[in-house]
Ligand SMILES: Cc1cc2nc3c(=O)[nH]c(=O)nc-3n(C[C@H](O)[C@H](O)[C@H](O)COP(=O)(O)OP(=O)(O)OC[C@H]3O[C@@H](n4cnc5c(N)ncnc54)[C@H](O)[C@@H]3O)c2cc1C
């Protein structure tokens, strides 16, 4: 199928783009990389009268790395992250996860902002935004508001962004060089959406005690999430394979998993356990 007819506009400033959204509320859709939106239009799941393209607004493609953290503009593409050497040092866990996103052609166009706004719980970027305690910058007619990633995602393909707002950037806290981290996911073919993925990070004291444990889950539930029950049990502990396995098993056991045509409930739970174990093993052995 092909999309219904639409008009197209490519503003060169953020102010102009917001004004257009405000004037055409309900009839307009933002397009960034188009990798999720174009299939939606072609299947006629949405029929906007106007598309507002963000690609001619230069400020949205900016990457900033400062001593207080990293800011990625909404138009930063997967390939930009892949090729940015500074980002590999500043946000190694993010870069490792983004290496798994999609195929070459899609990586060349798909963007950070598009993925966050689309809010697919199986996508890497929303999961990492929650795991890394990212803060999203939303710009609208009333100015800029900052929303924690955990509050931004409301459910599957649903966020707290207003119709006349644009997601302009995501801010990630400073990442110390000695922080431990791991990322593992499983998909049937390289570049497909993951059936399950786990992002892990924590700090270790000289005595080997873990603090700040973060465990982000991808591909489970309605929205990206952290397994906070496991984090609480692992904080303040000397992490061993057995402890991690026991805690994870107990906490995943208390969670509901949904089976679908891709994987049964039992398989998804077992897969998530495996992804978490592997991510912790990476983090502990500094792979
Ligand atoms: C075959 C295939 C495989 C894929 N595999 C993966 C994968 O493994 N992992 C993964 O994470 N993704 C995957 N994707 C999705 C891909 O990464 C998309 O790029 C991403 O989901 C959307 O980004 P986009 O820039 O293309 O956004 P678009 O498609 O342009 O927009 C998506 C939605 O976000 C809205 N939007 C876009 N930008 C903004 C903004 N700045 N502010 C407010 N709203 C905005 C749009 O209106 C639209 O509703 C895959 C896609 C395809 C087609």
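Residue numbers (our numbering): 66 to 352.
Just so it is clear, CB atoms sit at the ideal spot from N, CA and C, and this is done for glycine as well.
Because the structure is a prediction, the values reported are computed rather than measured.
*Go through its chain and collect everything with a Cβ distance to residue 221's Cβ below 8 Å, but skip five positions before and after it.*
184, 185, 186, 287, 288.
*asked:* Does the beta-carbon of residue 78, which I'm using as the reference point, lie nearer than 7 Å to any heavy atom of ligand 3?
replied: Ligand 3 is not among the ligands present in this structure, which contains only ligand 1.
_CB contact flag (residue 322, residue 315, <8 Å)_ = Against a cut-off of 8 Å, the Cβ pair of residue 315 and residue 322 comes out as no contact.
*Are the stretch 201-216 and the stretch 70-87 touching, with three or more C-beta to C-beta distances below 8 Å?*
For the pair of segments examined, the stretch 201-216 was found to touch the stretch 70-87: the number of CB pairs separated by less than 8 Å reaches three.
*Please find out if some non-hydrogen atom of ligand 1 comes closer than 7 Å to the beta-carbon of residue 171.*
At least one heavy atom of ligand 1 is nearer than 7 Å to the Cβ of residue 171, so yes.
*Less than 8 Å separating the beta-carbons of residue 283 and residue 192?*
Closer than 8 Å, so yes.
_Completely contained beta strand (DSSP E) runs for the stretch 232-304, where each covers 3 or more residues_ = You should have 245-251, 261-269, 275-283.
*Cβ contact check for the stretch 172-184 and the stretch 218-238: 3 or more pairs under 8 Å*: Short answer: they touch.
*Taking the alpha carbon of residue 348 as the point to measure from, which residue in 122, 87, 99, 268 has its own alpha carbon closest?*
From the listed residues 122, 87, 99, 268, the smallest Cα separation to residue 348 is found for 268.
*Buried/exposed call for residue 293, threshold 16 Cβ in 10 Å*: Only exposed fits residue 293, as fewer than 16 other CB atoms lie within 10 angstroms of its CB.
_Shorter than 7 Å, the distance from the beta carbon of residue 257 to the closest heavy atom of ligand 1, or not?_
Residue 257: yes, Cβ under 7 Å from ligand 1.
*Go ahead and pull the three-state DSSP assignment for residue 202.*
It is a strand residue.
*beta-carbon residue 242 near ligand 1 non-hydrogen atom, thresh 7 Å*: The answer is no for residue 242.
*Inter-stretch contact (C-beta, 8 Å, three-pair minimum) for the stretch 125-143 and the stretch 161-180*: The stretch 161-180 and the stretch 125-143 touch, with three or more beta-carbon pairs separated by less than 8 Å.
*Measure the beta-carbon distance from residue 189 to residue 138 and round it to whole angstroms, keeping in mind my assumption that it falls under 8 Å.*
Not a contact, Cβ separation roughly 18 Å.
*Any contact of the stretch 241-261 with the stretch 138-151, i.e. 3+ C-beta pairs under 8 Å?*
No, they do not touch.
*Is it right to say residue 131 is buried, meaning 16 or more other beta carbons lie within 10 angstroms of its own, or is it exposed?*
When all chains shown are included, residue 131 counts as exposed.
_Buried versus exposed, by CB contacts within 10 Å (16 or more), residue 337_ = Looking at its Cβ environment, which holds 16 or more other Cβ atoms inside 10 Å, residue 337 is buried.
*asked:* What ranges does the alpha helix (DSSP H) occupy inside the stretch 133-215, keeping only unbroken runs of at least 4 residues that lie completely in it?
replied: Counting only runs that start and end inside the stretch 133-215, the alpha helix (DSSP H) elements of at least 4 residues fall at 143-148, 150-155, 157-163, 169-172, 177-183, 189-196.
_Using 8 Å as the threshold, is the C-beta distance between residue 99 and residue 168 below it?_
Cβ distance not < 8 Å, so residue 99 and residue 168 don't count as in contact.
*Would you mind working out which of 305, 307, 285, 345 sits nearest residue 325, comparing C-alpha positions?*
Nearest in C-alpha terms to residue 325, of all of 305, 307, 285, 345, is 285.
*On a CA-only basis, which of 101, 105, 111 is nearest residue 91? Give me that one, please.*
If we check each option's Cα against that of residue 91, 111 comes out closest.
*Have a look at 86, 103, 133 and flag the residue whose alpha-carbon is nearest the alpha-carbon of residue 228.*
Ranked by how close their Cα comes to the Cα of residue 228, the residues 86, 103, 133 have 86 in first place.
_residue 292 CB to nearest heavy atom of ligand 1 below 7 Å_ = Every heavy atom of ligand 1 is 7 Å or more from the Cβ of residue 292, so no.
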